[in-house]
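Using the working numbering, the first residue of the sequence shown is number 61, and each one after it goes up by one. Glycine residues also receive a C-beta, built at the ideal position from the N, C-alpha and C atoms.
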Amino acid sequence: MHIKTTGWIALVGGMTGADIGVGWVDSAGALHFQDRYARNFSKPIIDSTTNDWIGLQGREENGWTAIQFKRLLETCDYMDVSIKTGTNIVIFAYGISDPDQRQSNGDISYHENRRGTRMIPLRSYDNPPPENTFDGLDSFDFRLNNYLLPSTDTTYYCKVFKIPSRFSTKRHAIGYKILVDPSSQDIVHHMTTYECNAAAEFDDAKLPEGVCDDHINQFSACLSNMANGWAVGGDHIVEYPEEVGYPVGGDFPVKYYMIQTHFDNAHLDSDRHDNSGIRFYIGEELRRYDLGYLTLGTESNPGAIVIPPQASEFVIDAFCTPKATETIPESGITVVSAFPHTHLQGYTFY
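See below:
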């Protein structure tokens, strides 16, 4: 945490019942860090059970304070809040002066309007569910077959797959694993799984594959609806919420899928082979809701996205016709996750 103040700073998870870490750097350059707890909307007390917030290092310079700290994800302490997979609501605050160390435990002042809120996926990218979560479940893979990459810096490779015939009745996938070939971890930039149109027909004995732009007519029926997306930095193993599943097989109209893999071969290697893909885990029972994907944004071309000169941030407006949303029910849809994505010029967006 890095804030423009020479006083104290704190990271909390709400006020009443909050688990709070408070830290400051004194005039001698020493770091102080406290584990506190808020019983209600009042000054947080020192956690009297365990000390789970650990200050690692801190520095004050030119009116700024920076503190590095750590905390266990799960402490089993009623004065702590578990750091869960998914989005966590984090509230921060800071004071303009250090706590009075002449008083017991230091006396932190009221933050007034020096506060803020962030919704942060503290565990999403580094702490996926353990793979044994899916032990004993049926599964199927869509993978490339020893594909030899061309010696070009950027390649989009497409391959069509068919849902296994053993799924004669509708089933729900309840999670997936991204299978990045260990030898390709430095060149696989992203993989997108598309649903092919229900009316699409292919020769099952020779499903099409190739560089996407070179065979665009073969893949045109498989570029509208997403079934899955992953990019560098995303979770390799994902479990869907317990009330939803992604439908496959049976009377679900989609029978064919296409994986588009983006390779970033910056060194122009000519001897790289790849077997990357995705594995879907199939639940034993149907869940209450079907899961689907809604793609929003603009085309990734110079005519659609123009970065204003000298801009540190800017707004992109995207428009669609009413026909694009006419199938959304009047009751609305429930969003369970989001997959924002940019290429090299994108640093952050929301």
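Might you give, ordered along the chain, the residues of its own chain that have their beta carbon closer than 7 Å to the beta carbon of residue i, omitting 5 neighbours on each side?
{"i": "residue 215", "result": "209, 271, 323 and 325"}
{"i": "residue 314", "result": "255, 256 and 258"}
{"i": "residue 134", "result": "142"}
{"i": "residue 21", "result": "Look at the range of the chain in this structure, 61 to 410, and you will see that residue 21 is not part of it."}
{"i": "residue 341", "result": "194, 197, 199, 233, 234, 235 and 236"}
{"i": "residue 222", "result": "264, 267, 315 and 316"}
With a Cβ-Cβ cutoff of 9 Å, do residue i and residue j count as a contact?
{"i": "residue 399", "j": "residue 294", "result": "yes"}
{"i": "residue 337", "j": "residue 231", "result": "no"}
{"i": "residue 206", "j": "residue 401", "result": "no"}
{"i": "residue 317", "j": "residue 396", "result": "no"}
{"i": "residue 127", "j": "residue 155", "result": "no"}
{"i": "residue 229", "j": "residue 305", "result": "no"}
{"i": "residue 94", "j": "residue 218", "result": "no"}
{"i": "residue 291", "j": "residue 250", "result": "yes"}
{"i": "residue 367", "j": "residue 358", "result": "no"}
Leaving out the 5 sequence neighbours to the left and right, which residues in its chain are closer than 8 Å to residue i when beta-carbon positions are compared?
{"i": "residue 377", "result": "none"}
In this structure, does DSSP put residue i in helix, strand or coil?
{"i": "residue 32", "result": "In the structure as shown, the chain begins at 61 and stops at 410. Residue 32 is therefore absent and cannot be evaluated."}
{"i": "residue 94", "result": "strand"}
{"i": "residue 218", "result": "strand"}
{"i": "residue 443", "result": "In the structure as shown, the chain starts at 61 and stops at 410, and residue 443 therefore has no counterpart that could be examined."}
{"i": "residue 237", "result": "strand"}
{"i": "residue 320", "result": "strand"}
{"i": "residue 191", "result": "helix"}
{"i": "residue 275", "result": "helix"}
{"i": "residue 364", "result": "coil"}
{"i": "residue 384", "result": "helix"}
{"i": "residue 281", "result": "helix"}
{"i": "residue 159", "result": "coil"}
Closest to residue i by CA distance: which of the options is it?
{"i": "residue 354", "options": "292, 198, 380 and 159", "result": "380"}
{"i": "residue 87", "options": "118, 289 and 144", "result": "118"}
{"i": "residue 241", "options": "95, 369, 339 and 306", "result": "339"}
{"i": "residue 91", "options": "66, 347, 132 and 364", "result": "66"}
{"i": "residue 282", "options": "292, 290, 302 and 252", "result": "252"}
{"i": "residue 284", "options": "390, 356 and 367", "result": "356"}
{"i": "residue 189", "options": "389, 299, 204 and 351", "result": "299"}
{"i": "residue 138", "options": "246, 348, 108 and 130", "result": "108"}
{"i": "residue 297", "options": "238, 365 and 349", "result": "238"}
{"i": "residue 347", "options": "302, 227 and 369", "result": "302"}
{"i": "residue 85", "options": "123, 248 and 96", "result": "123"}
Which same chain residues end up closer than 6 Å to residue i when comparing Cβ atoms and leaving out the 5 residues on each side of it in sequence?
{"i": "residue 394", "result": "none"}
{"i": "residue 72", "result": "Its pLDDT being 49, under 50, residue 72 is placed unreliably by the model, and nothing is read from it."}
{"i": "residue 328", "result": "211"}
Per DSSP, residue i forms a beta bridge with which residues?
{"i": "residue 130", "result": "114"}
{"i": "residue 286", "result": "254"}
{"i": "residue 125", "result": "63 and 120"}
{"i": "residue 338", "result": "202 and 238"}
{"i": "residue 226", "result": "Answer is none; residue 226 lacks a bridge partner."}
{"i": "residue 270", "result": "218"}
{"i": "residue 106", "result": "96"}
So is the beta-carbon of residue i under 8 Å away from any non-hydrogen atom of the ligand FMN?
{"i": "residue 250", "result": "Ligands in the displayed structure: none, and consequently the ligand FMN is not present."}
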